[in-house]
Every structure is written in structure tokens, then in C-alpha cells.
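With the numbering used here, the residue at position 75 of the sequence shown is 82, and numbering never jumps.
Please read the structure below before turning to the comments.
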Amino acid sequence: MKKLKPGLKPSMYKEICKVLSQEKVAPGHFVLTLESPKISKNAKPGQFVQILCADSTEPLLPRPFSFLDADSKKFSILYHMVGKGTEILSKLKKGDTLSVLGPCGNGFGLRIEDGGWRIGKRQYLMVGGGVGIPPLYHFSKQLIKNKISNKNIYIFLGARDKSLLLHEKEFKKLGVHLYLATDDGSCGHKGFVTQPLENFLSSILHPPSSIRIYTCGPTPMMKAVSKIAQKFEVPCEVSVEVPMACGFGACLGCAVTVRDEGSTGHRHAIACCEGPVFRGESIVWD
Ligand code: FES
8 MKKLKPGLKP SMYKEICKVL SQEKVAPGHF VLTLESPKIS KNAKPGQFVQ
58 ILCADSTEPL LPRPFSFLDA DSKKFSILYH MVGKGTEILS KLKKGDTLSV
108 LGPCGNGFGL RIEDGGWRIG KRQYLMVGGG VGIPPLYHFS KQLIKNKISN
158 KNIYIFLGAR DKSLLLHEKE FKKLGVHLYL ATDDGSCGHK GFVTQPLENF
208 LSSILHPPSS IRIYTCGPTP MMKAVSKIAQ KFEVPCEVSV EVPMACGFGA
258 CLGCAVTVRD EGSTGHRHAI ACCEGPVFRG ESIVWD
């Protein structure tokens with residue numbers, strides 16, 4: 008794995024973005040759309056923005072949010088209201104402004120050496136839970152825009168209950184294969200989303216080399232997905248969720264332990280620069 012240098016990159020922009028819309032999409036979950044001439048144009052699936060939620064010192068630090076969608080003029084995020092910063096966000100109205108830095112991080116499987124999205128025959132399996140779902144929607148849309156058939160995209164969504172299966176209808180509109188799981192059985196498989204994934208991998212005839220798995224969501228889910236991918240010998244990319252105070256390698260607060268060929272066998276990777284997307288097998292999960 009390549010070690011990347013910290014610091015602001017030429018592809019990152021700081022913008023004052025105007026709120027275009029705000030919509031409640033599930034209990035405690037909102038989609039916020041912001042006008043942005045520069046960040047949105049450069050946004051890749053799996054990358055994120057750092058949003059300063061208030062002008063005052065409370066909260067002091069910006070918060071990271073993955074792209075849910077982006078085009079040449081605007082981008083959206085889907086967030087869960089869990090603290091002071093996101094509570095402030097939830098009260099924003101059309102026309103309000105926010106200070107935003109991005110796009111930050113590397114993003115999903117666009118690297119040619121990974122045989123990324125340019126190979127049309129590939130089967131794309133995406134496994135998401137909670138607020139890990141938005142980047143998978145962005146990725147699916149980008150794949151389809153780049154002439155990958157929606158029939159080659161398989162989405163596995165997990166949630167506590169039906170009301171929290173975020174963006175389910177929008178995935179349906181894309182025409183992708185959709186597998187759902189809820190803890191309480193109110194929709195789809197009752198239990199973890201990893202079970203439908205494992206069932207799927209056990210039943211298909213495609214060689215593992217034609218499949219890629221991408222996952223984002225709670226750490227135990229991603230750990231389980233990564234283990235399943237290794238069992239079936241399918242390459243897997245995970246987008247880690249760690250606290251990020253700066254988003255460009257300055258605070259060193261987003262370290263993730265990854266395997267390394269050095270003497271100790273591991274090292275700390277700076278997730279905002281080298282990630283947030285890593286190969287599943289490179290992460291030291293325990
Ligand atoms: Fe500051 Fe990564 S968030 S170094």
C-alpha cells in the first residue's frame with residue numbers, strides 16, 4: 008500500500024457553499040444539498056467533505072461526511088443527527104451557507120491497477136449499513152454513468168429496522184439488484200446483511216476474479232464483510248469510519264492500523280489521506 012503525503016492537495020477546495028435543500032429521509036436522518044462549483048465537480052465516490060457546522064467555537068472542529076451524490080454544480084450528503092454539529096446542520100434552511108473543504112481522501116476502486124470500474128464485465132457487490140450507505144449510492148450512480156450495466160451491480164443494505172434502510176427507493180430506481188436485511192426482520196432477511204452476501208457468493212458461478220466487494224458502515228459489519236471476501240478470495244475495499252478533525256493529514260487523529268512489510272508487521276495509516284478506502288485484508292481489525 009502506497010504511503011501518501013499529508014497536506015492540502017491541489018484537487019481540494021475550500022468553498023462557502025449555499026444550502027439548496029434539506030430533507031428528512033428517515034428518523035433522525037437528513038439529506039442536505041449544497042451548491043458547489045468546485046468540490047462537486049471533483050467528487051469521487053468514497054471521498055468526503057469536511058463541513059464546519061457553525062461559525063462559533065461550538066462545535067469547534069469540522070465533521071466528515073461522504074458524498075451521497077454530486078454533479079457539476081452541487082453535491083448532497085446524507086447524515087444522522089447524533090450530536091451538536093449535526094443538530095446545527097439539521098436546522099439549516101435554503102440559502103444558509105456553510106464552510107466546506109473537499110473532496111478529501113482517496114475514494115473507491117477507481118485505481119486502474121485494481122482493475123477498477125473500467126472493466127465492464129465485473130460484478131460490483133456493495134455492502135452498506137447506516138450512514139455507510141451514501142457513498143455506495145454515489146458509486147453505483149457513477150458506475151452506471153460510466154456505462155456499467157445496472158445488472159452488474161449488487162447492493163446489500165442492512166439496518167436495525169425497515170425505516171432505517173436508507174435510500175432503498177433510490178437504489179430501486181437505479182435498477183440494481185437489491186438485497187435487504189434488518190435486525191428485527193421488518194424487511195428482507197432477518198439478521199445481519201452479511202448472511203445474504205455469503206449466500207450470494209456461495210450460489211454464484213462467476214469466478215472470484217470477476218467480482219469486487221465494496222463496503223462502508225459499522226466496523227463490525229466491515230470486518231465481517233472483509234473476512235467473507237477473504238474466504239471467497241474476492242478483492243474487497245472498505246471505507247473506514249474514524250473521527251476526522253482536519254481531513255488533510257495535519258492532526259494525526261484518524262490513524263488506522265494496517266499491515267506493513269516493516270519489522271513490526273504493521274503501521275499507522277492516516278485515514279484521511281491514505282484512505283478512507285483501504286483493501287480489506289490490509290486492515291488490522293483486532
Ligand atoms: Fe487530521 Fe486525518 S483527520 S490527520
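Think of the CB as a built atom: it goes at the ideal place given N, C-alpha and C, for glycine as much as any other residue.
Sequence-distant Cβ neighbours of D78 in its own chain, meaning closer than 7 Å and more than five residues away, are S47. Scanning its chain for C-beta atoms nearer than 6 Å, with the 5 sequence neighbours on each side dropped, one finds around A262 the residues H275, in chain order. When DSSP states are grouped into helix, strand and coil, K21 belongs to the strand group. In the structure shown, G136 falls within a strand segment according to DSSP collapsed to helix, strand and coil. Nearest C-alpha to T271 among V291, G254 and C279: V291. DSSP assignment within the stretch 207-235 yields the following whole beta strand (DSSP E) runs of 3 residues or more, N-terminal first: 218-223. Environment of ligand 1, chain-ordered: P13, M251, A252, C253, G254, F255, G256, A257, C258, L259, G260, C261, I277, A278, C279 and C280, taking every residue with Cβ within less than 7 Å of a heavy atom.
With a contact defined as Cβ atoms closer than 8 Å, L150 and Y131 qualify at about 6 Å.
Short of 7 Å from the beta carbon of P203, and not among the five residues preceding or following it, lie these beta carbons of its own chain, in chain order: F163, Y186, A188 and H196. Look at A61 here: in three-state DSSP terms it is coil, with no helix or strand label.
Residue state for H145 is assigned as helix, using DSSP reduced to three classes.
Within 10 angstroms of the beta-carbon of L96 lie 16 or more other beta-carbons, which makes it buried. Pairing H87 with H36 gives a Cβ-Cβ distance under 7 Å. Secondary structure at I95: helix, using DSSP grouped into helix, strand and coil. For the pair S233 and C223, the CB atoms are not nearer than the 7 Å cut-off.
With 16 or more other CB atoms across the displayed protein chains lying within 10 angstroms of its CB, V56 is buried. Where C280 is concerned, the enclosing alpha helix (DSSP H) starts and stops at A278 to E281.
Rounded to the nearest whole angstrom, the CA to CA distance from M228 to K21 is 33 Å. In the three-state reduction of the DSSP assignment, E244 falls in the strand class, which pools E and B. Residue pairing by DSSP puts P71 in a beta bridge opposite Q57. Rounded to the nearest angstrom, the gap between the Cα atoms of F82 and S43 is 7 Å.
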